[in-house]
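Undergrad: Protein chains in written order, with this note's numbering: chain A, 362 to 562; chain B, 4 to 297.
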Amino acid sequence: MATYKYKTPISEDDIRKLKVNDVLYITGTIVTARDQAHRRALEWAKQGKQLPINLNGLAVFHCGPIVKKEGDKWIAVAAGPTTSTRMDIFEDEFIKNFGVRVVIGKGGMGKRTTEAMKKHGAVYGAFTGGAAVLAAKAIKNIRTVEWYDLGMPEALWIFEVEEFGPLSIAIDSHGNNLFEAVAKTTEENRAKIYEKLGIGK
Amino acid sequence: MNDIERTVEETAINLLRLAVIYLPEDIKQALQHAYETETTEAGKTNLKAILDNIKLAEQTQTPICQDTGTIIFYIKAGAQTPNLHKIQQALTNATRKATTQIPLRPNAVDPIQGKNTGDNTGPNIPYTHWEITQGNQIEITVMPKGGGSENVCTTGMLVPGEGINGLKKFVIDTVTKAGSKPCPPNILGVAIGGGSDIAMKLAKKALLRPLNQPNPDPQVATLEKELLDAVNQLGIGPMGLGGKWTILGVNIDYAARHPASYPAAVAFNCWAARRATARIHSDGRVEYLTHKMR
């Protein structure tokens, strides 16, 4: 495993260097998007409407943060990842349409997303679930919020971050998916444990 | 508002704040030990991030995780305490105030209207489990329970003829199926018997027992250890990225069962295993049992 530190916008060449189990830190711009924001973004793309921010080369973060307003300024209090599998139904089109290079979340994603990442040059970076204060510390500024009508957790929060991570690369742009590999090993281990405990199939 | 209402409310707000910011010592020690003995790089990286996050939360007095959970109370009420009927309202008021003061994320959604109530209270929430004890003290425990780990809690009506072997399979299968979803490493509460509801109630309550206190029955303590070793051989690892530490501890409780039934329940808690307890004495003095008051 190797550690990489990238600045946004990230190029396809740099993304292709990353392999599963590497660790990535990102400096630059990352944008939160959950279920509702993914859905709306794809609807807008279909209608040929421009998104409020150009996502090309940036990272999208599956996160519904706790934010507070001090004067005119938004401050991120706690901003850990949410479960990514819910976005599996959108992410391949999202990557294809908007050119995001990194998807950040927890719990991993499936085949469709893995294939899109291979085809278009993107990776999945797992951020530690629950480590919300660590994430908030790396958010140096909230540039703006878009689509606030979707509610605080579902809005597009545009974060300026410094060395945001550690992100464990769990899906790379070469078709490797660490979560699927672990799930396969787990199944094999389960059979061995059954045998060891003498509890049948 | 009378004295008991005020004392319960203030104490419950303090307990909520202590629980969401400061993890109990036994959990911190278990996570430190997991970090030191984890075998995979990805596992170590994630456990390090967890330990860093715990320290940062304490330094900045910020909730450890943005999901500050569903608010559940466990009360041991001394039968001679006056005005016990005022306690539920005091706990609801405390939850409402804590939501804006700490702050907590509003996590109570009316399932019929689909609307977030905005203050962590709603029908039957915060939920309170009552136990009547002797004397005139009140013991309050709060468990802010995270959603990700709640989503994989499982009840099973097993086949009585398979006995303990059936239970072992059920626990191993449940952890396998949960995989990366509950943000491993987790804590497991396991319960057998009673009925489907009683088993889950006991399993969840077992999550309150510190990890360094095995079941007092040596036979059950052995089963706890055997199950812990078994599930940690699955290799799911921290955050499901592979590794030695999937579960930090297994706590078992049980009730007698119907001859035809073998109810079993597995409750998961987050590594951010938030709980805090205080005792209110009859003279109004408050003693914090799990945390240093700060």
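We put the beta carbon where it would ideally sit given N, CA and C, even for glycine.
If you're wondering where the values come from, they're calculated on a predicted model, not measured in any experiment.
Return helix, strand or coil for Lys407 (chain A), following the three-state DSSP convention.
TA: Three-state DSSP puts Lys407 (chain A) in a helix.
Undergrad: Give me the Cβ distance between Cys273 (chain B) and Cys186 (chain B), rounded to the nearest whole Å; I'm assuming they're in contact under 8 Å.
TA: Sure, about 6 Å apart at Cβ, within 8 Å.
Undergrad: Could you round the C-beta distance between Val234 (chain B) and Val174 (chain B) to whole angstroms and report it? I think they count as a contact, below 8 Å.
TA: Contact flag correct, Cβ pair sits at about 7 Å.
Undergrad: Count the other CB atoms within 10 Å of the CB of Arg563 (chain A); is the residue buried (16 or more) or exposed (fewer)?
TA: This structure does not reach residue 563 (chain A), given that chain A is present from 362 up to 562, and the question cannot be answered.
Undergrad: Using alpha carbons as the reference points, say which of A:Lys378, A:Phe422 and A:Val381 lies closest to Ala398 (chain A).
TA: Ranking A:Lys378, A:Phe422 and A:Val381 by Cα distance to Ala398 (chain A) puts A:Phe422 first.
Undergrad: Using a threshold of 8 Å, state whether the C-beta atoms of Leu419 (chain A) and Thr390 (chain A) are closer than that.
TA: Contact flag set, yes.
Undergrad: Quick check on Gly166 (chain B) - is its C-beta less than 8 Å from some C-beta in chain A?
TA: No - not a single Cβ of chain A is within 8 Å of the one on Gly166 (chain B).
Undergrad: Quick one: which unbroken beta strand (DSSP E) runs of 3-plus residues sit fully inside the stretch 176-205 of chain B? Chain order, please.
TA: With a minimum length of 3 residues, the continuous beta strand (DSSP E) runs that stay inside the stretch 176-205 of chain B are 189-195.
Undergrad: Just the Cα atoms here: how many angstroms apart are Gly149 (chain B) and Glu523 (chain A)?
TA: The alpha-carbon atoms of Gly149 (chain B) and Glu523 (chain A) are separated by roughly 28 Å.
Undergrad: State yes or no: is the beta carbon of Asn538 (chain A) nearer than 8 Å to at least one beta carbon in chain B?
TA: No, no contact with chain B.
Undergrad: For Lys184 (chain B), which residues in chain A fall below 7 Å Cβ to Cβ?
TA: Correct list: Thr444 and Gly468.
Undergrad: Taking Cβ positions, are Leu50 (chain B) and Leu539 (chain A) nearer each other than 8 Å?
TA: Not closer than 8 Å, so no.
Undergrad: Round the Cβ separation of Leu205 (chain B) and Gly198 (chain B) to the nearest angstrom and send it over; I've been treating them as touching at under 8 Å.
TA: Actually they are not in contact, since the Cβ atoms of Leu205 (chain B) and Gly198 (chain B) sit about 10 Å apart, beyond 8 Å.
Undergrad: Of the choices A:Asp396, A:Ile560, A:Ser534 and A:Ala516, whose alpha-carbon is the least far from that of Tyr485 (chain A)?
TA: The residue with the shortest Cα to Cα distance from Tyr485 (chain A) is A:Ser534.
Undergrad: Count the other C-beta atoms from every protein chain shown that fall within 10 angstroms of the C-beta of Pro114 (chain B), then say buried if there are 16 or more, exposed otherwise.
TA: Its Cβ having fewer than 16 others within 10 Å, Pro114 (chain B) is exposed.
Undergrad: Shorter than 8 Å from the beta carbon of Ala60 (chain B) to some beta carbon of chain A?
TA: Chain A contact via Cβ: present.
Undergrad: Given this structure, state the Cα-to-Cα distance separating Ile57 (chain B) from Ala483 (chain A), to the nearest angstrom.
TA: Cα to Cα, Ile57 (chain B) sits roughly 31 Å from Ala483 (chain A).
Undergrad: DSSP puts Lys148 (chain B) in a beta bridge; with which residues?
TA: DSSP output for Lys148 (chain B) lists B:Thr73 as bridge partner(s).
Undergrad: Since Glu153 (chain B) meets chain A, which of its residues come closer than 7 Å, beta carbon to beta carbon?
TA: By Cβ distance, chain A contributes nothing, its closest Cβ being about 12 Å from Glu153 (chain B), past 7 Å.
Undergrad: Is it buried or exposed, Ala552 (chain A), if we count other Cβ atoms within 10 angstroms and call 16 or more buried?
TA: So Ala552 (chain A) counts as exposed.
Undergrad: Looking at the structure shown, is Ala279 (chain B) part of a helix, part of a strand, or coil, going by DSSP?
TA: Strand.
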